[in-house]
Amino acid sequence: MIKITNLEKYYKTEEVQTIALNKLSFEVKQGEFAAIMGPSGCGKSTLLNILGLLDDPDGGSYLFNGIEVAGYNERKRAQLRKHNIGFVFQSFNLIDELSVFENVELPLIYTGVKPAERKERVHAVLEKMQIMHRRKHFPQQLSGGQQQRVAVARAVVNNPKLILADEPTGNLDSSNGNEVMDLLTELNEAGTTIIMVTHSEHDAKFSHRIIRMLDGQKVTENVLV
Amino acid sequence: MIRNYIKIAFRSLKKQPFFTLINTLGLAIGMAGGLLIALYIYEELNHDNMFADADRIYRIETDIKFGGAEIKSAEAAPPMAGTLQTDFAEVENTVRFRTLGSNLLRSSDKTANIKELSTTYVDSTFFNMFGLELINGNTETALKETNTLVMTRTAAENHFGSVDVVGKSLLLNNKETYMVTGVMEDLPKNSFLGDYSIFMAMAGNVASRENIWGGNNYYTFVKLAPETRMDNFQLQLDGLLEKYVLPWAKKTFPGMTADSFAASGNYIKFHTIPLTDIHLYSDNQNEMGETGTIQNVYILSFIGFFLIFLACVNFMNLSTAHSLKRSKEVGIRKTLGSNRLQLIVQFLTESGLVAFASMIIAIVIAFIALPFFNDLAGRNISIPFTEPLFYVAILLITILLGLFSGSYPAFVISRFIPVDTLKGNGMKNSSKWNIRSMLVVFQFGVAVFLIVGTLVVFQQLEFIQNKDLGFDKEQVLVINDTYAAGKQLNVFKQDVLNLSAVKSATLSSFMPTPSSRSNSSYFRESAMDQEYAIQMQTWEVDDDYLNTLSLELIAGRDFNSQSAADSTAVIINESTLATLGLSAEEALGIRITEEVERENPEFYHVIGVIKDFHYESLRENIGSLGLFMKRSTGSMAIKLKTDDFASVIASIESIWIKRVPGQPFNYRFMDDAFETSYKEERRLGSIFIVFTSLSIFIACLGLFGLAAFNAQNRIKEIGVRKVLGASVSQITYGLTTDFLKLVAIATIIALPFGWYFMNIWLEDFSYRIQIGWEIMSFSAILVISIAIITVSYQSIKAALANPIKSLRTE
């Protein structure tokens, strides 16, 4: 499903150029659950941004479902993104002004789903995430675990083929964290490809394969299953 | 400590050059506008109070209802001043003016006349009354003798090239010789005497000594003893009617008593107006000089106040927007032990610096803009750089504005909680209806209001210009002061008529453009009693008048100069018909007279009726008018049949020079003269346009700042939305509509206000436009379009930003 070859990304400030990704290559198959690990600053988030089509690589190839997307412009990337990719962030990134229902509904609005169907699908996913009773609440009124469940609900409401999770349990205590990991596992078992960046060995064990990075390069790859 | 504040303030202002520039410029423009308006208002409010004892000087005015006409006159009857002086203990002094308008004057050794625009007879008490000094001459004796005059410095220099001219003589209108007995400084421009240059001794005005209470031609001023009770004084004034006026009137109307006079619905009322109120509060039909109105002062105060307020609001909005970037700084300062007061002082120092810089720029802008403003407002204002008080006021205002505009940002910013700000969550988004939103609504409400005002003023002016006045003012050239031609006038007229570009020409002192004219009482032969009096203007014209001005006869015929009978003929207008209660046909042949008291009065017979035409400003209704075929040589109207005005004017001028050498050739197009009578409206319109544009500009600066602030504040939300698939246009739309809602609310609130207040303004016109939906919708569309343009830059910029920048958590 995803194949990157010699992917490169630089960050430039006035005087210094930092290499964030240094000729990175790997592949993630349809239905796989991959974890990416490594110390801070090793390029994990940069990689995730590029995989999520939020950012452009400076070099190399990125095949998404066999299509080269490395040179896509913003509009094409957005098009591909909203139909195929769901995001889960460490800091949830829910919109404070919108209720739980409205937050989850957003991706459907942007993909042009009709209101009646939206309601149905949002309710279905909220049921599944067991936060239906909280649908009228606002993010500030929820616990961290609940917020992340809303974020996951929002990530999956559009039935994306790929979920990118950036330290999804980083802001959660262990029991809430486990709940979120169970959710992701369930989704993966239902067929969704998941790529997760994490610092936590515990969380990584939920995945099928761990890719370890250092200084923008892949160091090792452990297959767990 | 304060040095540290100033240093840091300087640096942080420098770090944000764009914001600092917009802030300073916005405030400077607002202050400059406010400063100009403040100077204007100061001058308007201090009109005429430069005279000694100005607070004790009053003018006597007369309200009359007689013969169907109601007149509010600024003048009084000739014996009024003398009567007050002898009968009223509290009257210390009186003076009368009998104005003569423009006159031709020349020193006896010259042949060319110079036209003095404002000349007047005046009592010799003039100097004493107003505390005026002479440069040359003696105030005690200067205006005692007939045929003496006092002139201003400018007039003296114009005529003699010197001010040392006491004892020299001047020829008035080529006839009378006057001796100069005094020269005085030019009178202050912001006084009722500002236009006057020649003051002639009242002794030469025979009518001033007559005991006639019926005619009001004398501006009469009284100086009252200190502490005079005005209610008592008014009671005494009321007593004059029975004591003097009615006894005098009985000579004309023998049967008249106080009761029968009152019963007929007529009245004569005398009242006073303080000298210093005349300029702004008097609404008489005939004033000595140009007056302003208190409405304009209010309108301008309103505009000036809001201009400054809008600029301050801007400063608040922009500074608050800017502060978001500084929330981290505030967090660190607080963590390091700064208390809230210190932070407030820090931010107020910044706003103080900006206010100070703005004020300096504002004074420069005001100085540069002053000539334009004077032109616009028709005033002669200067910035009082030599007045220490000016600097004190400026400094105080600067400090005040600095504190005012800095207060809200300082308050908001200093409230940041350090832990939040360090995490980058400086400003938790508060409710939708926060202070900033309300300020925006307010700003745009003012802008919409001003737009409506501007449009209404201009549409009314347009309406006036295009209204069918009932006569043709196009292509009519008016030569003024043709009496100077004396016996040559007929030859001159004939020569002009011989020009191929001239269609017709008429001689008359009465042209259908607003000027001060008075009514006379006429009576029908069959109703010679004062209660049937017809107040009618008496115009002396020749037999080319109707023809030259394209006045429409609806019954009867025009004058015929060959017919001797027509010397007692009169042509009346429709309004006179209405007063008479007759149809046009019925009116033909009836006889009227002015000389009700005479044994054998001279009657005029009606030979024609013309359609009403607007001879006064459209503010007035059309009054009764009678045209009489009599020689009147004040001016000559020439109807042209060419567009090549320059050459025909040149031809006419050369005829004039040939026939009337040495006399000034003054001409004017009738439509220009017409325009002049709407000068105040035109001024108001121009002032409206300028300050409306300024306030819109300032409001837009504010909106621009707020859009930036909003985009910053919602940067995370925008990032999330984009990640979830929102397109640039969706986000731009979302960001823009938030503001448009505010602007729309402002528009909805402001339109009714605009409608209401502009209708009040329009009430001043007898003929006026209806404020229609076009003005309303155009104002709304205009302001919303401007808002869209202003906001979309920031919205598009925010929408185009890369979301990972805003969502980065590392």
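Sequences listed follow chains Y and V, in order.
Sequential numbering from 1 applies to the first sequence in full-length UniProt numbering.
Sequential numbering from 1 applies to the second sequence in full-length UniProt numbering.
Positions of the beta carbon are idealized from the N, C-alpha and C atoms, including for glycine.
- Quick one, which of I29(V), M316(V), F373(V) has its alpha-carbon nearest S407(V)'s? M316(V)
- Using the beta-carbon of each residue, which ones in chain V are nearer than 8 Å to R81(Y)? V723, G725
- Task: Could you tell me whether the segment 26-35 of chain V touches the segment 303-311 of chain V, where touching means 3 or more Cβ pairs closer than 8 Å?
- Result: yes
- Query: What are the boundary residues of the beta strand (DSSP E) that includes Y522(V)?
  - Reply: 519-524
- Message: Taking the alpha carbon of R326(V) as the reference point, which residue from H271(V), G378(V), F416(V) has its own alpha carbon closest?
- Response: F416(V)
- Please report how far the alpha carbon of E531(V) lies from the alpha carbon of I610(V), in whole angstroms. 25 Å
- Message: Using only CA atoms, which one of C312(V), E176(V), Q342(V), M629(V) lies nearest to S405(V)?
- Response: C312(V)
- Message: Judging by CA-CA distance, which residue of S40(Y), A35(Y), M37(Y), K3(Y) is the nearest neighbour of K23(Y)?
- Response: K3(Y)
- Using CA coordinates, which residue listed in M202(V), L187(V), A225(V) is at the minimum distance from D195(V)? L187(V)
- Item | Residue span of the beta strand (DSSP E) that contains P139(Y), given as start and end | Note, P139(Y): premise wrong, no beta strand (DSSP E); not H, not E.
- Item | Counterpart residues of P274(V) in DSSP-defined beta bridges | Y58(V)
- Just curious, the beta strand (DSSP E) that R591(V) is in, first and last residue? 591-593
- Query: Taking three-plus beta-carbon pairs below 8 Å as touching, is the segment 568-576 of chain V in contact with the segment 607-621 of chain V?
  - Reply: yes
- Message: I'd like the list of long-range same chain contacts for L94(Y), defined as Cβ closer than 7 Å, with 5 residues on each side in sequence excluded.
- Response: N103, P139, Q147, V150, A151
- Residue from D164(V), F88(V), K189(V), A533(V) whose Cα sits closest to the Cα of N49(V): K189(V)
- Item | Start-end ranges of the beta strand (DSSP E) lying completely within the segment 126-186 of chain V, minimum 3 residues | 148-152, 169-172, 176-184
- Please classify D544(V): does DSSP put it in a helix, a strand, or coil? coil
- Does any residue of chain V bring its CB to less than 9 Å from the CB of P168(Y)? no
- Message: Can you pull out the residues from the segment 90-117 of chain Y whose beta carbon lies closer than 8 Å to at least one beta carbon of chain V?
- Response: Q90, S91, N93, L94, I95, D96, E97, L106, P107, Y110, T111
- Item | Straight-line Cα distance separating R682(V) from A780(V) | 24 Å
- Message: Quick check on Q712(V) - is its C-beta less than 9 Å from some C-beta in chain Y?
- Response: no
- If we ignore side chains and look at the alpha-carbon of each, how far apart do M256(V) and V596(V) end up? 13 Å
- Message: According to DSSP, is G265(V) part of a helix, a strand, or is it coil?
- Response: coil
- Message: Here's the rule I'm using: 16 or more other beta-carbon atoms within 10 Å means buried, otherwise exposed. How should Y42(V) be labelled?
- Response: exposed
- Message: To the nearest angstrom, how far is the alpha carbon of N429(V) from that of F709(V)?
- Response: Confidence at N429(V) is low in this model, with a pLDDT of 46, below 50, so the placement of that residue is unreliable and no value is reported for it.
- Fully enclosed by the segment 637-711 of chain V, which alpha helix (DSSP H) runs are 4 residues long or longer? 645-659, 670-676
- Query: What residues of chain V sit near D55(Y), judged by a beta carbon separation below 8 Å?
  - Reply: N802, I804
- Using the beta-carbon count (16 or more within 10 Å), is N6(Y) buried or exposed? exposed
- Closer than 9 Å, Cβ to Cβ, to anything on chain V: give me those residues from the segment 55-71 of chain Y, in chain order. D55
- Item | Classification of V791(V) by the beta-carbon crowding that lies within 10 angstroms, buried from 16 upward | buried
- Query: According to a CB-to-CB cut-off of less than 7 Å, which residues of the segment 28-59 of chain V neighbour chain Y?
  - Reply: none
- Could you spell out where the alpha helix (DSSP H) holding L353(V) opens and where it closes? 340-377
- Task: Compare the beta carbon distance of N759(V) and I775(V) with 9 Å and say whether it is the shorter of the two.
- Result: no
- With M129(V) and K223(V) assumed to form a contact (beta carbons below 8 Å), what rounded beta-carbon distance in angstroms separates them? 6 Å
- For the alpha helix (DSSP H) holding K797(V), just list the boundary residues, first then last. 773-800
- Item | Sufficient close CB pairs (3 or more, under 8 Å) joining the segment 447-465 of chain V to the segment 690-697 of chain V | yes
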